[in-house]
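Numbering (the UniProt record's numbering), first residue to last: 1 to 124.
Data first, discussion second: the structure below is written as structure tokens.
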């Protein structure tokens, strides 16, 4: 059987706000990059992240899970990071190479969603 396997890495999460703005807009955003994002439409943002992942996977001829896993998509939808620094704070065990490759594109998609804008073109 061999030695026991180490536990999988845990994905860190910042505390969630009890207030949700289902319009998808920003309520009281002061522009601070290190603070958790304000209330937002988490389900709508997750749909945007799923669409982003599908578009990236198609562009790179990869499978979607090879781009970013389900748990990381859930954290992005819950925390709505709008800077790569914040993205790095909320995603534990996200490979540095993927952060360099996709980080700016992820936060651009999140920011556009929170601002009520269409998804930006991919810039990988």
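Ideal Cβ placement from N, Cα and C applies to all residues, glycine included.
Assigned secondary structure, residue i (DSSP; H/G/I helix, E/B strand, else coil)
i           : result
residue 67  : helix
residue 61  : coil
residue 41  : coil
residue 83  : coil
residue 114 : helix
residue 145 : In the structure as shown, the chain begins at 1 and stops at 124. Residue 145 is therefore absent and cannot be evaluated.
residue 89  : helix
Within 8 Å, strictly: CB atoms of residue i and residue j
i           : j           : result
residue 110 : residue 81  : yes
residue 76  : residue 49  : yes
residue 101 : residue 124 : yes
residue 108 : residue 120 : yes
residue 45  : residue 113 : yes
Nearest neighbour of residue i, chosen from the options [CA to CA]
i          : options             : result
residue 90 : 72, 96 and 97       : 72
residue 85 : 62, 103 and 118     : 103
residue 93 : 69, 114, 59 and 115 : 69
residue 52 : 106, 115 and 43     : 106
residue 66 : 122, 116, 98 and 74 : 98
residue 43 : 96, 79 and 95       : 79
residue 41 : 74, 62, 58 and 54   : 74
Spatial neighbours of residue i in its chain, beta-carbon cut-off 7 Å, leaving aside the 5 residues before and after
i           : result
residue 54  : 64
residue 122 : 55, 56, 59 and 105
Sequence-distant residues of the same chain with beta carbon closer than 6 Å to residue i, five excluded per side
i          : result
residue 96 : none
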